[in-house]
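**Student:**
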Amino acid sequence: MSHVEAFIQAAHLESFSRAAEALDRTQGAVSQSIAALEERYGGPLFDRLGRRLGLTPLGEVLLPRAERAVAELRAAAEEIRGVLNAERDKIYVGAFQSVAGRLMPELIG
C-alpha cells in the first residue's frame, strides 16, 4: 500500500519531494514507489512539468481508484480493530451442564 500512498500524495502535491515530506520518507523512496507502479502498470503515471508533476492519462485513471482502494483498506482496518476489541471484552466461562443450569443464572443475574 505504501507505493499507492506515495502515488496519491505525489499526485495531490504535484511533487515527489513534498510527497516524501508528507509521508515522512525520502524523495528516493517515493521515486522508487512511483517507478514500481509505473513498471507494474506499463507506463508513466506523471508528466514532469519542470518542477511540477502532472498526471498522464494512465495516472488519471489510477488516481481515483487508488484513493478508493486506500479508503476501503483503512475502513477495513478500523472495522477489524473494532471486532478485535469486542472479542477482548468478552468473558468466556466454562462449566459442566449440571452446574451451569443452576449456578450460572445466579452468577449472571
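Numbering that gives the first Met the number 0 puts the first residue of the sequence shown at 0, with every later residue one more than the last.
Idealized CB from N, CA, C, for every residue including glycine.
How far does the alpha helix (DSSP H) with Arg-17 in it reach, from first residue to last?
**Tutor:** By 1-based counting over the sequence shown, the position of residue 17 is 18. Arg-17 -> alpha helix (DSSP H) spans 15-22.
**Student:** Less than 7 Å between C-beta atoms, sequence neighbours within five positions excluded: which residues of the same chain meet that for Leu-83?
**Tutor:** Translated into the one-based positions of the sequence shown, residue 83 becomes position 84. Nothing meets the Cβ criterion.
**Student:** State the start and end residues of the unbroken beta strand (DSSP E) segment that holds Arg-50.
**Tutor:** As a position in the sequence shown, residue 50 is number 51, starting the count at 1. Counting along the chain, Arg-50 falls outside any beta strand (DSSP E), and DSSP gives it neither H nor E.
**Student:** Of the choices Ala-10, Asp-88, Ala-35, whose alpha-carbon is the least far from that of Pro-56?
**Tutor:** Translated into the one-based positions of the sequence shown, residue 56 becomes position 57. The shortest C-alpha separation from Pro-56 is found at Ala-10.
**Student:** Which one or two residues does DSSP pair with Phe-6 in a beta bridge?
**Tutor:** In the sequence shown, counting from the first residue as 1, residue 6 sits at position 7. Answer is none; Phe-6 lacks a bridge partner.
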